[in-house]
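**Student:** Pasting a structure below so you can have a look.
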Amino acid sequence: MIPYGRQDITQADIDSVLSVLQSDFLTQGPMVPRFETLVAEHVGARHALAVNSATSALHIACLALGLGPDDYLWTTPVTFVASANCALYCGAQVDFVDIDPRTYNLCPKALEQKLRQAERDGKLPKVVVVVHLCGQPCDMRAIGGLAERYGFHVIEDASHAIGGKYQGEFIGNCRYSDITVFSFHPVKIITTAEGGMTLTNSAELADRMALLRSHGITRDPARMTHEADGPWYYQQIDLGFNYRMTELQAALGVSQMQRLDQYVARRHQLAARYDDLLADFPVTRPWQHPDSYSGLHLYVIRLQLDKIRKTHRQVFESLRELGIGVNLHYIPVHTQPYYQSMGFKAGDFPQAEQYYREAISLPMYQTLLEQQQDEVLNVLRQALGE
Numbered sequence: 001m002i003p004y005g006r007q008d009i010t011q012a013d014i015d016s017v018l019s020v021l022q023s024d025f026l027t028q029g030p031m032v033p034r035f036e037t038l039v040a041e042h043v044g045a046r047h048a049l050a051v052n053s054a055t056s057a058l059h060i061a062c063l064a065l066g067l068g069p070d071d072y073l074w075t076t077p078v079t080f081v082a083s084a085n086c087a088l089y090c091g092a093q094v095d096f097v098d099i100d101p102r103t104y105n106l107c108p109k110a111l112e113q114k115l116r117q118a119e120r121d122g123k124l125p126k127v128v129v130v131v132h133l134c135g136q137p138c139d140m141r142a143i144g145g146l147a148e149r150y151g152f153h154v155i156e157d158a159s160h161a162i163g164g165k166y167q168g169e170f171i172g173n174c175r176y177s178d179i180t181v182f183s184f185h186p187v188k189i190i191t192t193a194e195g196g197m198t199l200t201n202s203a204e205l206a207d208r209m210a211l212l213r214s215h216g217i218t219r220d221p222a223r224m225t226h227e228a229d230g231p232w233y234y235q236q237i238d239l240g241f242n243y244r245m246t247e248l249q250a251a252l253g254v255s256q257m258q259r260l261d262q263y264v265a266r267r268h269q270l271a272a273r274y275d276d277l278l279a280d281f282p283v284t285r286p287w288q289h290p291d292s293y294s295g296l297h298l299y300v301i302r303l304q305l306d307k308i309r310k311t312h313r314q315v316f317e318s319l320r321e322l323g324i325g326v327n328l329h330y331i332p333v334h335t336q337p338y339y340q341s342m343g344f345k346a347g348d349f350p351q352a353e354q355y356y357r358e359a360i361s362l363p364m365y366q367t368l369l370e371q372q373q374d375e376v377l378n379v380l381r382q383a384l385g386e
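Its first residue numbered 1, the sequence shown is counted upward by one per residue in full-length UniProt numbering.
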């Protein structure tokens, strides 16, 4: 089976993790700050905080921005459920903005239209989570301009996008957002097994997220309510969580970061080859906005169902049966039973739903061989009935 994604673990990665196992610290040691500094410097952000998952990162990002009951968070329906669930963790309400039919990202025009109506209704969002689907950045300049005009905060869910660029600058620098979130799950571009990170240019937000990441506990005398009882003393000054990343995970991340640019470049080579070889297939190939340099976490095709004799499901199942581990990213969140119980229904976001009826994620990872890519395409042609 050729999977849709796969981690690349080298001897250097193993040695990095072993060095931590043989050290004095398995958690809360020097490796996590080193990983944070490495990522922050690479992307051009002032602050970075490593956590145990991108879901945790989204949660503390929302809390740091003050999201709570009676507030709204808007996001795209074409994302993993965590991009919306983070609002519910804070007691806030969720709504969605339909996607751009070419990039599959949240559509700035649809966002502006919805904001105008929300302003009239007195229901503007406090936070908008934009998702850089497949690694391609959203139109951040347009979204940032809307944020200034309508007064909402922006979180970039860049779980797919580390190593990518927007208008020539690395995704994660927070030029048009308050906070960016990365994921280091094994199928992502680099991995720490599980893990995530928040990045921001605000010292205040960074301090707030650092507190929330570790039980709401501080050892900083300046933040305590009274003088410390002794050198052992700490205070819980907020309700936080145990969202810390371990030293082992950070060591793996430090090693993987050395190959980040190489990994993304290889993904671009594979994507260009897919583009060329799929030219005569009855599929729509991914379109890249000229302002973007995608991280290319995913390579998504859309079936031109009017040109083939099989259904979307039949093609998908044929590929799996013939050894190609394709996937579908994602089932629109508003169609999930949990969200339908809130009142969302089929037909609410037609572009997202049309995307779902046609999309298939082909194998895309840095160690994919060209002969494996050829096998993917041969099997795809067979599955399409050509």
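Where a beta carbon is used, it is the ideal one built from N, C-alpha and C, also for glycine.
For Val51, which residues of its own chain have a beta-carbon under 8 angstroms away from its beta-carbon, when the five flanking residues on both sides are left out?
**Tutor:** Counting from 1 along the sequence shown, the entry for residue 51 is found at position 51. Take Val51, set aside five residues on each side of it, and the residues of its chain with a beta-carbon closer than 8 angstroms to its own are Ala57, Ile60, Gly195, Gly196, Met197, Thr198, Arg213, Tyr243, Arg244, Met245, in chain order.
**Student:** Residues in the same chain with beta-carbon distance under 6 angstroms from Leu248, minus the five sequence neighbours each way, listed in chain order, please.
**Tutor:** Here residue 248 corresponds to residue number 248 of the sequence shown, with the count starting at 1. Hits under 6 angstroms: Val17, Val20.
**Student:** State the CB to CB distance for the pair Asp100 and Cys107, rounded to an integer number of angstroms; the pair is presumed to be in contact (CB under 8 angstroms).
**Tutor:** Here the question's residue 100 lines up with position 100 in the sequence shown. Here the question's residue 107 lines up with position 107 in the sequence shown. About 4 angstroms separates the two Cβ atoms, so the contact holds.
**Student:** Using C-beta distances below 7 angstroms, list every residue in its chain close to Tyr150, excluding the 5 sequence neighbours before and after it, in chain order.
**Tutor:** Taking the sequence shown and counting its residues from 1, one reaches residue 150 at position 150. Taken in chain order, the residues that qualify are Leu115, Glu119, Leu124.
**Student:** Do the segment 285 to 294 and the segment 65 to 73 meet, that is, are 3 or more Cβ pairs less than 8 angstroms apart?
**Tutor:** no
**Student:** Just the Cα atoms here: how many angstroms apart are Asn85 and Val127?
**Tutor:** Numbered from 1 along the sequence shown, position 85 holds the residue referred to as residue 85. Numbered from 1 along the sequence shown, position 127 holds the residue referred to as residue 127. Straight-line Cα distance between these residues: approximately 13 angstroms.
**Student:** Do the segment 215 to 226 and the segment 263 to 283 make contact, defined as three or more Cβ pairs closer than 8 angstroms?
**Tutor:** no
**Student:** Just checking, does the segment 313 to 326 make contact with the segment 138 to 154 on the three C-beta pairs under 8 angstroms criterion?
**Tutor:** Flag = no, the segment 313 to 326 and the segment 138 to 154 do not touch.
**Student:** Mapping DSSP to helix, strand and coil, what is Met257?
**Tutor:** Counting from one through the sequence shown, the residue named residue 257 turns up at place 257. Helix, per DSSP.
**Student:** Any idea if Ile14 is buried or exposed, counting beta-carbon neighbours within 10 angstroms, 16 or more meaning buried?
**Tutor:** By 1-based counting over the sequence shown, the position of residue 14 is 14. So Ile14 ends up on the exposed side.
**Student:** Terminal residues of the continuous alpha helix (DSSP H) containing Phe35?
**Tutor:** As a working note, residue 35 is residue 35 in the sequence shown. Element bounds for Phe35: 31 to 43.
**Student:** So Ser361 is in the beta strand (DSSP E); what residue range does that whole segment cover?
**Tutor:** As a position in the sequence shown, residue 361 is number 361, starting the count at 1. Per DSSP, Ser361 belongs to the beta strand (DSSP E) from 359 to 362.
**Student:** According to the Cβ coordinates, are Leu252 and Tyr299 closer than 8 angstroms?
**Tutor:** The residue labelled residue 252 in the question sits at position 252 within the sequence shown. The residue labelled residue 299 in the question sits at position 299 within the sequence shown. For Leu252 and Tyr299, no; Cβs fall outside 8 angstroms.
**Student:** How many whole angstroms separate the CB atoms of His329 and Phe96, which I take to be in contact at a CB cut-off of 8 angstroms?
**Tutor:** In the sequence shown, the residue the question calls residue 329 occupies position 329. In the sequence shown, the residue the question calls residue 96 occupies position 96. Wrong, their Cβ atoms sit about 16 angstroms apart, outside the cutoff.
**Student:** Per DSSP, what kind of secondary structure is Gly5 in: helix, strand or coil?
**Tutor:** Position 5 of the sequence shown, counting from 1, holds the residue named residue 5. Three-state result, Gly5: coil.
**Student:** Figure out for me which residue from Ser255, Val376, Thr367 has the closest Cα to the Cα of Gln11.
**Tutor:** Here residue 11 refers to the residue found at position 11 of the sequence shown. Per the Cα distances, Ser255.
**Student:** Starting from Ala279, trace the beta strand (DSSP E) both ways and give me its first and last residue.
**Tutor:** Counting from one through the sequence shown, the residue named residue 279 turns up at place 279. That residue, Ala279, is in no beta strand (DSSP E); it is neither H nor E in DSSP.
**Student:** If you draw a straight line from the alpha carbon of Phe184 to that of Val129, how long is it in whole angstroms?
**Tutor:** For this step, residue 184 is matched to residue 184 along the sequence shown. For this step, residue 129 is matched to residue 129 along the sequence shown. Their Cα atoms are separated by approximately 19 angstroms.
**Student:** So, with DSSP's three-state summary, where would you put Glu370?
**Tutor:** Here residue 370 refers to the residue found at position 370 of the sequence shown. Glu370: helix per DSSP, three-state reduction.
**Student:** Starting from the C-beta of Gln93, find all residues in its chain whose C-beta is less than 6 angstroms away, skip the five residues before and the five after it, and write them out in chain order.
**Tutor:** On the sequence shown, residue 93 is found 93 positions in, with the first residue counted as 1. Here the set comprises Tyr72.
**Student:** Can you tell me where the beta strand (DSSP E) with Ser183 in it begins and where it stops?
**Tutor:** Here residue 183 refers to the residue found at position 183 when the sequence shown is read from its first residue. Segment 179 to 183, the beta strand (DSSP E) holding Ser183.
**Student:** Would you tell me roughly how many angstroms separate the C-alpha atoms of Ile331 and Ile360, rounded to the nearest one?
**Tutor:** Position 331 of the sequence shown, counted from the first residue, corresponds to residue 331. Position 360 of the sequence shown, counted from the first residue, corresponds to residue 360. Cα-Cα distance, rounded: 11 angstroms.
**Student:** With 16 other CB atoms within 10 Å as the buried threshold, where does Ser177 fall?
**Tutor:** One-based indexing of the sequence shown puts residue 177 at position 177. It counts as buried.
**Student:** Is the segment 335 to 355 touching the segment 319 to 327 in the sense that three or more CB pairs, one from each, lie closer than 8 angstroms?
**Tutor:** no
**Student:** According to DSSP, is His226 helix, strand or coil?
**Tutor:** Numbered from 1 along the sequence shown, position 226 holds the residue referred to as residue 226. Correct three-state label for His226: coil.
**Student:** Output yes if chain B places a C-beta closer than 8 angstroms to the C-beta of Ile9; else output no.
**Tutor:** Absent here is chain B; the protein component of the structure consists of one chain.
**Student:** Just to confirm before moving on: does the CB-CB distance between Lys258 and Thr284 stay below 8 angstroms?
**Tutor:** Taking the sequence shown and counting its residues from 1, one reaches residue 258 at position 258. Taking the sequence shown and counting its residues from 1, one reaches residue 284 at position 284. The sequence given here places Gln at residue 258; Lys does not occur at that position. No, Cβ-Cβ distance for Gln258 and Thr284 is not below 8 angstroms.
**Student:** Please report the distance separating the alpha-carbon of Pro30 from that of Leu111.
**Tutor:** For the purposes of this step, residue 30 is taken as residue 30 along the sequence shown, with counting starting at 1. For the purposes of this step, residue 111 is taken as residue 111 along the sequence shown, with counting starting at 1. C-alpha separation (whole angstroms): 42 angstroms.
**Student:** Is the separation between the beta-carbon of Pro282 and that of Leu384 shorter than 8 angstroms?
**Tutor:** For the purposes of this step, residue 282 is taken as residue 282 along the sequence shown, with counting starting at 1. For the purposes of this step, residue 384 is taken as residue 384 along the sequence shown, with counting starting at 1. Yes, Cβ-Cβ distance for Pro282 and Leu384 is below 8 angstroms.
**Student:** For Asp24, count neighbouring C-beta atoms within 10 Å of its own C-beta (all shown protein chains included) and say buried if the count is 16 or more, exposed if not.
**Tutor:** Your numbering for residue 24 matches position 24 in the sequence shown. Looking at its Cβ environment, which holds fewer than 16 other Cβ atoms inside 10 Å, Asp24 is exposed.
**Student:** Give the straight-line distance between the Cα atoms of His268 and Glu370, rounded to the nearest whole angstrom.
**Tutor:** Here residue 268 refers to the residue found at position 268 when the sequence shown is read from its first residue. Here residue 370 refers to the residue found at position 370 when the sequence shown is read from its first residue. His268 and Glu370: Cα-Cα distance of roughly 13 angstroms.
**Student:** Could you tell me which residues DSSP puts in a beta bridge with Ala50?
**Tutor:** On the sequence shown, position 50 is the one that residue 50 refers to. Answer is Met197, bridged to Ala50.
**Student:** If we call anything under 8 angstroms between Cβ atoms a contact, is Gly5 one with Met224?
**Tutor:** To locate residue 5, count along the sequence shown from 1; it is residue 5. To locate residue 224, count along the sequence shown from 1; it is residue 224. Not closer than 8 angstroms, so no.
**Student:** Going by C-alpha to C-alpha distance, which of Thr180, Gly145, His226 sits closest to Pro160?
**Tutor:** Position 160 of the sequence shown, counted from the start, is the residue given in the question as residue 160. This sequence places His at residue 160; Pro is not what is there. Looking at the Cα atoms, Thr180 is the closest of the given residues.
**Student:** Give the DSSP-derived three-state secondary structure of Gly216 in the structure shown.
**Tutor:** Your numbering for residue 216 matches position 216 in the sequence shown. The answer is coil: DSSP assigns Gly216 none of H, G, I, E or B.
**Student:** Measuring only the C-alpha atoms, how far is Ala40 from Asp238?
**Tutor:** Along the sequence shown, one-based indexing puts residue 40 at 40. Along the sequence shown, one-based indexing puts residue 238 at 238. Cα-Cα distance, rounded: 26 angstroms.
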